[in-house]
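S.K.: Sending over a structure as structure tokens; questions will come in a sec.
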Amino acid sequence: MQLLRGDYYSRQADGNRLRQTKLVAARGVIYDAHGKELVNNAPGFAVALQHQNSYPKELLTKLGSILNISDEEIRQRISEQQYYYEPVVMKSNISPQMLTRFEEERKNLPGVLLMVHPERQYVYDNLAVHTIGYVGEVSPYEMSRQMYKDVTVGSIVGKSGLEKQYDSVLRGVDGFTVEEVDVTGSVVQNYDTVQPQPGKNLHLTLDYDMQTRIEEFTNKHLAYLRRSKKAPNAYAAAVVAIDPRSGAIKAMLSTPGYNPNLFVQGISEKDWQKINNDPYSPQLNRAIAGEYPPGSTFKIVTGSAAFELGKVKLNEKILDRGYHPLVPTMRNADGEVLGWLNFIQGLAMSDNVYFYELGYRAGIDAIAKYAKIYGFGSPTGIDLPDETSGLVASKEVKKKIWNEGWRLGDTFNAAIGQGFNLATPLQLAVMLSSVANGGMHLQPYLVSKITYADGSLYQIPKHSEPKHIDVSQRTLDYMRQGMSATTKQGGTAAYFRTLPKAIAGKTGTAENSHGRDHGLFVAYGPVEDPELCVVCIVEQGGYGSVSAGPIVYQVFE
Numbered sequence: 007m008q009l010l011r012g013d014y015y016s017r018q019a020d021g022n023r024l025r026q027t028k029l030v031a032a033r034g035v036i037y038d039a040h041g042k043e044l045v046n047n048a049p050g051f052a053v054a055l056q057h058q059n060s061y062p063k064e065l066l067t068k069l070g071s072i073l074n075i076s077d078e079e080i081r082q083r084i085s086e087q088q089y090y091y092e093p094v095v096m097k098s099n100i101s102p103q104m105l106t107r108f109e110e111e112r113k114n115l116p117g118v119l120l121m122v123h124p125e126r127q128y129v130y131d132n133l134a135v136h137t138i139g140y141v142g143e144v145s146p147y148e149m150s151r152q153m154y155k156d157v158t159v160g161s162i163v164g165k166s167g168l169e170k171q172y173d174s175v176l177r178g179v180d181g182f183t184v185e186e187v188d189v190t191g192s193v194v195q196n197y198d199t200v201q202p203q204p205g206k207n208l209h210l211t212l213d214y215d216m217q218t219r220i221e222e223f224t225n226k227h228l229a230y231l232r233r234s235k236k237a238p239n240a241y242a243a244a245v246v247a248i249d250p251r252s253g254a255i256k257a258m259l260s261t262p263g264y265n266p267n268l269f270v271q272g273i274s275e276k277d278w279q280k281i282n283n284d285p286y287s288p289q290l291n292r293a294i295a296g297e298y299p300p301g302s303t304f305k306i307v308t309g310s311a312a313f314e315l316g317k318v319k320l321n322e323k324i325l326d327r328g329y330h331p332l333v334p335t336m337r338n339a340d341g342e343v344l345g346w347l348n349f350i351q352g353l354a355m356s357d358n359v360y361f362y363e364l365g366y367r368a369g370i371d372a373i374a375k376y377a378k379i380y381g382f383g384s385p386t387g388i389d390l391p392d393e394t395s396g397l398v399a400s401k402e403v404k405k406k407i408w409n410e411g412w413r414l415g416d417t418f419n420a421a422i423g424q425g426f427n428l429a430t431p432l433q434l435a436v437m438l439s440s441v442a443n444g445g446m447h448l449q450p451y452l453v454s455k456i457t458y459a460d461g462s463l464y465q466i467p468k469h470s471e472p473k474h475i476d477v478s479q480r481t482l483d484y485m486r487q488g489m490s491a492t493t494k495q496g497g498t499a500a501y502f503r504t505l506p507k508a509i510a511g512k513t514g515t516a517e518n519s520h521g522r523d524h525g526l527f528v529a530y531g532p533v534e535d536p537e538l539c540v541v542c543i544v545e546q547g548g549y550g551s552v553s554a555g556p557i558v559y560q561v562f563e
């Protein structure tokens, strides 16, 4: 044996004696705008099998009883990782009870490793969960399709939100240690260690206090709407608060949500089924991927198109008979008849007939053009994954979807934000910012800077250059005047006049084929020097002034 197969047995002995163990790098910390830690790391342990061609059945059974996983699951993990040299991670972030049992049985578990690694910790549970995201172990599917760069089996990666968008920055570089171990796997001597390099930190534009307050009173108001029967199915909503001077997102809410800490240790079947089977889709980030008819908030676009084309004058009176004579079935909500109105009155009172007329005069092509100028129909470019584009109503869109020709009634619907129009809350916030700041289109963003672990600056993310939208200052002034009148006596949101500073706003009610109408409200303030734009949508909330308006009111309060 020694003479003929000495080299073979020497390699076998070295393989058993020397062990290389990965030292997992800590992911970067995520801070709010004022340096408050939103996401950090805590010490954790993982149990792994040293890579071998085969494993004793008794060993796997004992390991499964300690980790509370089946033999089938253990063998599946071994099979999935059979072509990799790395240890086969059986369970990450084990509980203290499992750790104690493992230590008690350690001498009977040869080839089983206990690996120390940082465990992701979401300090405030589900706060801003759709924005921040969560992490999990990279899957064989993701590995096979190279969805993440420079990862190995067992690596923890960002699965959604900022954790996914900035994964390569947050992840850091793993290290390793070479150890001499005895037959039980206990360390005898350390030979070499390469220390891991921690990931870089994200500094967000989110304001913890504002985010917390918005989440609290949004959920409280939704509960009130359901309890009072004003909106029995008001379980879902989205809120976006943005600084119109820079594009910085100060708060972003999508509800319902979930606790990202559930995913850190590998989510249980029970918890996953609860999230996955929820009819209100708690994993959907409604702020950037929820597409809704914008309702009367879109009247800003229709008004802009009419003024830019010279189709209406500011003080020109248009008669509201309660319906439009060209399409008599197109009426106001609840059959209202408001008589002669100029633009400021028409916008403040959200009169549909007035805007049917503006839509008729401007035409669908012009409405579609100015919708795109305001940013509808395209992603905003925010630094988050999975943002959707929405939809701008047009003849081409109807032809493509329904294979039908365009009718005047379609133009009327488009003019008041119904029909084929779809927008995300973030798109509405970008449009509103352009009105508030005098016509500048700004790319919204969440990360203000990225720093090394020691706090020194690594990078300030670049954003597209601000550009002036192709809408005149005069027209923008008219929009601002109409929105200011909305929150005064006679407007659809007159209760805003009780705030100490003037706020400009616009109500919206969007038709919903799956139930009660959605309620919307958009506002910016203070009017004289806007610092904040807020957009809110309450699914199946009914009138925006009742469902979404009070949430926006409390943000400004």
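Per this note's numbering, residue 7 is the first one in the sequence shown, and the count goes up by one each step. Where is the CB? At the ideal position from N, CA and C, for every residue including glycine.
With the cut-off set at 8 Å, would you say T515 and Y464 are in Cβ contact?
M.R.: No, Cβ-Cβ distance for T515 and Y464 is not below 8 Å.
S.K.: Let me check one thing: in DSSP terms, what residues is D371 bridge-paired to?
M.R.: DSSP lists no partner for D371.
S.K.: Tell me, to the nearest whole angstrom, how far the beta carbon of N225 is from that of T261; I am working on the premise that it is less than 8 Å.
M.R.: That pair is a contact at about 6 Å.
S.K.: By the DSSP assignment, the alpha helix (DSSP H) with M437 in it spans what residues?
M.R.: Here the alpha helix (DSSP H) through M437 covers 431-442.
S.K.: Can you tell me which residues form a DSSP beta bridge with E125?
M.R.: A48, per the DSSP bridge assignment.
S.K.: Between E143, T513, L29, which has its C-alpha nearest D198's C-alpha?
M.R.: Of E143, T513, L29, the residue nearest in Cα terms is L29.
S.K.: Which same chain residues end up closer than 8 Å to D389 when comparing Cβ atoms and leaving out the 5 residues on each side of it in sequence?
M.R.: Within the same chain, D389 has close Cβ partners L168, Q171, Y172, Y451, L452, V453, P467.
S.K.: For D13 and N59, what's the separation of their Cα atoms in angstroms?
M.R.: Spanning the two alpha carbons is a distance of roughly 19 Å.
S.K.: Taking the beta carbon of Q217 as the centre, do at least 16 other beta carbons fall within 10 Å, making it buried, or is it exposed?
M.R.: Q217 should be labelled buried.
S.K.: What residues are listed by DSSP as bridge partners for S260?
M.R.: The partner list for S260 (beta bridge, DSSP) reads A244.
S.K.: Check S454 in the structure and name its three-state DSSP category.
M.R.: In the structure shown, S454 sits in a strand (DSSP, three-state: E or B).
S.K.: At the level of alpha carbons, what is the spacing between L44 and N239?
M.R.: Spanning the two alpha carbons is a distance of roughly 31 Å.
S.K.: Distance check for D38 and Y214, CA to CA, integer angstroms please.
M.R.: Between Y214 and D38, the C-alpha separation is close to 6 Å.
S.K.: Do G488 and I370 come within 8 Å of each other at the CB atom, strictly closer than that value?
M.R.: Contact flag unset, no.
S.K.: Looking only at its chain, what residues have a beta carbon closer than 8 Å to the beta carbon of Y264, apart from the 5 residues adjacent to it on each side?
M.R.: Once the five neighbours on either side are set aside, the close Cβ partners of Y264 are N132, V135, I281, P288, Q289.
S.K.: Who does K473 pair with in a DSSP beta bridge?
M.R.: According to DSSP, which records beta bridges pairwise, K473 is partnered with H447.
S.K.: For A554, tell me which candidate among K323, R522, C542, G387 has the shortest Cα-Cα distance.
M.R.: A554 has its Cα closest to that of C542, out of K323, R522, C542, G387.
S.K.: Are any of the Cβ atoms in chain D nearer than 8 Å to that of H330?
M.R.: The chain labelled as chain D is not found in the depicted structure, where only one protein chain is given.
S.K.: According to DSSP, simplified to helix, strand and coil, what is V200?
M.R.: Three-state result, V200: strand.
S.K.: From what residue to what residue does the alpha helix (DSSP H) around F527 run?
M.R.: Where F527 is concerned, there is no enclosing alpha helix (DSSP H), although the beta strand (DSSP E) it sits in stretches over 524-531.
S.K.: From the DSSP output, in three-state form, read off I75 for me.
M.R.: Here I75 sits in coil by DSSP.
S.K.: Work out the CA separation of S166 and P391 for me, nearest whole Å.
M.R.: In a straight line, the C-alpha of P391 is about 7 Å away from that of S166.
S.K.: Using only CA atoms, which one of I162, P266, E545, Y559 lies nearest to P532?
M.R.: Of the listed residues, the one whose Cα sits closest to P532 is Y559.
S.K.: For the stretch 414-427 against the stretch 227-242, are there 3 or more C-beta pairs whose distance is under 8 Å?
M.R.: As far as the Cβ criterion goes, the stretch 414-427 does not touch the stretch 227-242, which means the pair count is below three.
S.K.: Could you tell me the distance, in whole angstroms, from the CA atom of H330 to the CA atom of H447?
M.R.: When rounded, the distance between both Cα atoms is 34 Å.
S.K.: When you compare the stretch 350-361 with the stretch 138-147, are there three or more beta-carbon pairs, one atom per stretch, that lie closer than 8 Å?
M.R.: The stretch 350-361 is not in contact with the stretch 138-147.
S.K.: Distance check for L10 and Q279, CA to CA, integer angstroms please.
M.R.: Those two C-alpha atoms are separated by around 58 Å.
S.K.: The beta strand (DSSP E) spanning G511 covers which residue range?
M.R.: From DSSP, the beta strand (DSSP E) with G511 extends over 510-516.
S.K.: I'd like to confirm the pairing. Which residues does DSSP put opposite Y298 in its beta bridges?
M.R.: Looking at the DSSP assignment, Y298 forms a beta bridge with A429.
S.K.: Hey, out of H40, R337, G352, F426, whose CA is closest to K323's CA?
M.R.: For K323, the nearest C-alpha among the options comes from G352.
S.K.: Go through its chain and collect everything with a Cβ distance to R107's Cβ below 8 Å, but skip five positions before and after it.
M.R.: For R107, where only same-chain residues beyond five positions count, the Cβ hits under 8 Å are I72.
S.K.: In the DSSP assignment, find the alpha helix (DSSP H) that holds W408 and state where it starts and stops.
M.R.: Start and end: 401-408.
S.K.: How many Å lie between I509 and E537 at the Cα?
M.R.: Looking at the two C-alpha atoms, the distance is approximately 11 Å.
S.K.: Between E148, S85, S478, G521, which lies nearest to G444 when the distance is taken from Cα to Cα?
M.R.: Closest by alpha carbon: S478.
S.K.: Quick check on the burial criterion: 16 or more other C-beta atoms within 10 angstroms. Buried or exposed for H123?
M.R.: Result: buried.
S.K.: Which same chain residues, not among the five before or five after D284, have their C-beta less than 8 Å away from its C-beta?
M.R.: Closer than 8 Å at Cβ, skipping near neighbours: P262.
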